[in-house]
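Numbering (the numbering used here), first residue to last: 40 to 370. Heads up, the beta-carbon is just placed ideally off N, CA and C, and yes, glycines get one too.
Given below as structure tokens:
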């Protein structure tokens with residue numbers, strides 16, 4: 040497995056952050072304040088890059104969608120007017136009727152036809168997520184015939200679900216690959232729990248301390264189980280990516296544990312990752328940019344401006360240089 044040299048990636052991103060401007064795209068997110076059509080103090084904002092922003096219509100939030108990146112301005116009024124107040128659990132019971140409503144399907148297809156990136160909430164935290172996502176795929180996305188979408192899925196804690204439910208979820212997530220590139224993200228604890236479920240290890244079973252090689256074998260087995268473009272596993276120290284054409288480890292800038300477990304941590308990562316996709320960067324740069332927005336937002340407790348992202352990258356580079364000097368001294 041390749042160990043990515045983080046330094047050159049960060050140097051590239053210094054130029055990307057300074058020069059990037061996307062006036063055509065629109066970022067639609069559950070973190071955007073609906074009343075002011077502007078990010079709240081704790082929201083993930085891409086306004087520093089010139090991207091217009093919009094709050095996420097309630098119907099999309101109920102469907103388990105975290106954010107969308109649109110190719111151009113889109114009138115969301117019809118989706119907001121749907122004003123769905125039912126819970127996800129209630130939606131699960133009436134999904135068949137919901138996805139047979141021609142007007143609803145038309146409105147949903149209209150926005151998804153204008154999408155480039157679709158990020159979903161944690162599967163394990165959404166009641167009936169598998170039913171909702173299967174309906175979204177079957178009745179909305181598949182008829183569009185698009186094959187160039189970027190999907191980002193998070194599993195959440197699979198230990199809260201039955202094994203057959205987890206198997207079903209992995210199959211549904213894999214099915215989205217027919218319509219674009221699927222990135223499936225897990226933290227290291229979620230990855231181990233998923234491996235246990237897939238291999239019939241009973242919950243509560245003590246797992247011996249794992250070497251890095253043992254962990255990588257388990258992660259790779261998860262990747263081979265699914266039909267996805269990328270599997271992203273991250274810990275406090277690094278991010279590991281598995282894909283058919285490459286496998287690598289990217290070291291991370293260490294952050295405070297409160298930032299790591301913050302409720303908006305994944306939302307912030309997705310915001311930066313989405314910028315990388317818009318820039319058509321390679322996956323290593325997309326992941327690094329996601330980590331930069333995530334880390335900068337966490338330290339500031341507010342949406343970073345362009346200068347803040349630039350400063351965060353410079354600090355990360357300095358940390359790498361100090362680490363290299365210490366290693367050289369020890370050698």
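Helix, strand or coil at residue i according to DSSP, with G and I counted as helix
| i | result |
| --- | --- |
| residue 293 | coil |
| residue 288 | strand |
| residue 240 | coil |
| residue 149 | helix |
| residue 92 | strand |
| residue 320 | coil |
| residue 350 | helix |
| residue 330 | helix |
| residue 56 | helix |
| residue 42 | strand |
| residue 336 | helix |
| residue 204 | helix |
| residue 249 | coil |
| residue 196 | coil |
| residue 343 | coil |
| residue 235 | helix |
| residue 301 | coil |
| residue 63 | coil |
| residue 215 | helix |
| residue 166 | coil |
| residue 173 | helix |
| residue 255 | helix |
| residue 111 | coil |
| residue 261 | helix |
Exposed unless 16 or more other CB atoms sit within 10 angstroms - verdict on residue i
| i | result |
| --- | --- |
| residue 160 | buried |
| residue 240 | exposed |
| residue 307 | buried |
| residue 64 | buried |
| residue 333 | buried |
| residue 246 | exposed |
| residue 80 | Below a pLDDT of 50, predicted positions are generally treated as unreliable, and residue 80, at 36, falls in that range; the measurement from the model is reported next regardless. Per the 10 Å Cβ criterion, exposed. |
| residue 226 | buried |
| residue 262 | buried |
| residue 296 | exposed |
| residue 99 | buried |
| residue 167 | buried |
Bridge partners - residue i, DSSP secondary structure assignment
| i | result |
| --- | --- |
| residue 189 | 156 and 220 |
| residue 278 | 273 and 289 |
| residue 312 | Answer is none; residue 312 lacks a bridge partner. |
| residue 106 | 68 and 158 |
| residue 225 | 272 |
Expected contact under 8 Å - CB spacing of residue i and residue j to nearest Å
| i | j | result |
| --- | --- | --- |
| residue 180 | residue 151 | 6 Å |
| residue 327 | residue 289 | 7 Å |
| residue 316 | residue 155 | 7 Å |
| residue 330 | residue 292 | 7 Å |
| residue 170 | residue 348 | That belief does not hold up - the Cβ atoms of residue 170 and residue 348 are roughly 39 Å apart, past 8 Å. |
| residue 157 | residue 190 | 5 Å |
| residue 287 | residue 41 | 4 Å |
| residue 232 | residue 198 | 5 Å |
| residue 70 | residue 359 | With 8 Å as the limit, residue 70 and residue 359 do not qualify as a contact, their Cβ atoms being about 30 Å apart. |
| residue 237 | residue 268 | Contact flag wrong, Cβ pair sits at about 19 Å. |
| residue 175 | residue 271 | Between residue 271 and residue 175 the Cβ distance is about 22 Å, and since that is not below 8 Å, they are no contact. |
(request) Tell me, please, whether the region 182 to 191 touches the region 206 to 219 by the rule of three or more beta-carbon pairs shorter than 8 Å. (result) Using a Cβ-Cβ distance cut-off of 8 Å, the region 182 to 191 and the region 206 to 219 are in contact, since at least three pairs of beta carbons, one from each stretch, lie closer than that value.
(message) Closer than 8 Å is the cut-off here; do at least three beta carbon pairs connect the region 249 to 261 with the region 309 to 329?
(response) no
(message) With a threshold of 8 Å, are at least 3 pairs of Cβ atoms found where one atom belongs to the region 111 to 123 and the other to the region 163 to 176?
(response) no
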